[in-house]
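Protein sequences appear in the order of chains B and P.
Sequence positions in the first sequence follow the numbering used here and run 1 to 110.
Sequence positions in the second sequence follow the numbering used here and run 1 to 115.
Inspection log for the structure reproduced underneath, given as structure tokens.
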Amino acid sequence: GDSVTQMEGPVTLSEEAFLTINCTYTATGYPSLFWYVQYPGEGLQLLLKATKADDKGSNKGFEATYRKETTSFHLEKGSVQVSDSAVYFCALRSNYKLTFGKGTLLTVNP
Amino acid sequence: EAQVTQNPRYLITVTGKKLTVTCSQNMNHEYMSWYRQDPGLGLRQIYYSMNVEVTDKGDVPEGYKVSRKEKRNFPLILESPSPNQTSLYFCASSHVAGGHTGELFFGEGSRLTVL
């Protein structure tokens with residue numbers, strides 16, 4: 001079946017540091033890929049998505065590129081802020097089913 | 001405002017006492033789904049529904065029931081709750097027309113504790 005593996009946290013960074021959260025996937029067919037973010041006490045919100053190979057999703061300074069050859073969708077941000085502290089979930093959607101990674105807790109210190 | 005609304009947000013109950021967590025969306029979405037979130041396990045799908053009267057099991061359906069009598073509502077029923085169903089539950093919805101590209105919209109979550 002489909003699966004998503006993302007780097008385990010927690011990740012702790014200082015403000016303005018560079019962020020990478022690795023995500024790889026296994027799926028049949030051609031899934032769409034997503035990053036969702038969960039702020040403390042809230043539900044999940046879509047951060048960005050990519051629907052086909054080589055697509056780059058971007059939002060709020062975050063980026064991720066759909067790499068079919070390496071089955072990866074790594075999340076990056078050049079300069080994180082304290083307000084980026086949250087749990088980040090990589091996910092794939094295929095045949096209407098959304099499969100999540102286990103989540104990575106990011107803490108950004110001032 | 002487009003939203004997915006879950007109730008209750010917090011509930012403490014005892015083993016065996018039937019409960020229902022309601023979910024309602026106002027976006028005319030065909031697809032609705034329930035997930036549970038547990039530490040170290042991420043989100044796992046319990047049940048999903050492609051449209052009215054169409055439901056199917058997700059990855060962890062044991063101990064749960066659902067119904068989809070109206071397009072906007074998708075209640076989650078725990079007939080006889082047990083402590084291993086203590087979890088944070090999320091309802092989500094999307095259009096089916098988006099196919100596998102569709103974004104899911106999530107409710108704010110319902111934290112359930114079964115004693």
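Just so it is clear, CB atoms sit at the ideal spot from N, CA and C, and this is done for glycine as well.
Residue j beta carbon less than 9 Å from that of residue i
i, j, result
"Asn22/B", "Ser58/B", "no"
"Leu75/B", "Leu98/B", "no"
"Gly78/B", "Gln6/B", "no"
"Val21/P", "Tyr96/B", "no"
"Ser110/P", "Leu11/P", "yes"
"Asp2/B", "Thr26/B", "yes"
"Thr24/B", "Thr65/B", "no"
"Leu19/P", "Ile77/P", "yes"
"Asn41/P", "Phe90/P", "The amino acid occupying residue 41/P in the given sequence is Leu; Asn does not appear at that position. No."
Cβ distance (whole Å) where residue i is taken to contact residue j below 8 Å
i, j, result
"Pro75/P", "Ser67/P", "6 Å"
"Lys49/B", "Phe34/B", "5 Å"
"Val80/B", "Val37/B", "12 Å between Cβ atoms; not a contact."
"Gly107/P", "Gln37/P", "In fact, because the Cβ distance is near 12 Å, the residues do not count as touching under 8 Å."
Residue i Cβ short of 8 Å to the ligand COA heavy atom set
i, result
"Lys77/B", "The ligand content of the structure shown is nil, which means the ligand COA is not present either."
8 Å Cβ shell around residue i - same chain, five flanking residues per side excluded
i, result
"Thr55/P", "Tyr47, Tyr48, Ser49, Val66, Ser67, Arg68"
"Pro10/B", "Thr104, Leu105, Leu106, Thr107"
"Gln45/P", "Ser33, Trp34, Tyr35, Gly58, Asp59, Val60"
Cutoff 6 Å; reference residue i; Cβ partners in own chain excluding five residues on either side
i, result
"Leu104/P", "Ala92, Ser94"
"Asp84/B", "Val108"
"Asn73/P", "Ser24"
Would you list, in chain order, the members of the region 55-71 of chain B that have their beta-carbon closer than 7 Å to a beta-carbon of chain P?
Within the region 55-71 of chain B, no residue places its CB atom closer than 7 Å to a CB of chain P.
Contact set between the region 37-57 of chain P and chain B, restricted to residues whose Cβ is under 9 Å from the partner
The region 37-57 of chain P vs chain B, Cβ under 9 Å: Gln37, Gly40, Leu41, Gly42, Leu43, Arg44, Gln45, Tyr48, Met50.
Near-chain B residues of the region 69-88 of chain P (beta-carbon distance less than 8 Å), N- to C-terminal order:
Only those residues of the region 69-88 of chain P whose C-beta falls short of 8 Å from the nearest C-beta of chain B would be listed, and there are none.
Report the residues of the region 32-50 of chain B with a CB closer than 9 Å to any CB of chain P, ordered along the chain.
For the region 32-50 of chain B, the residues whose beta carbon sits under 9 Å from a beta carbon of chain P are, in order, Ser32, Phe34, Tyr36, Gln38, Gly41, Glu42, Gly43, Leu44, Gln45, Leu46, Lys49.
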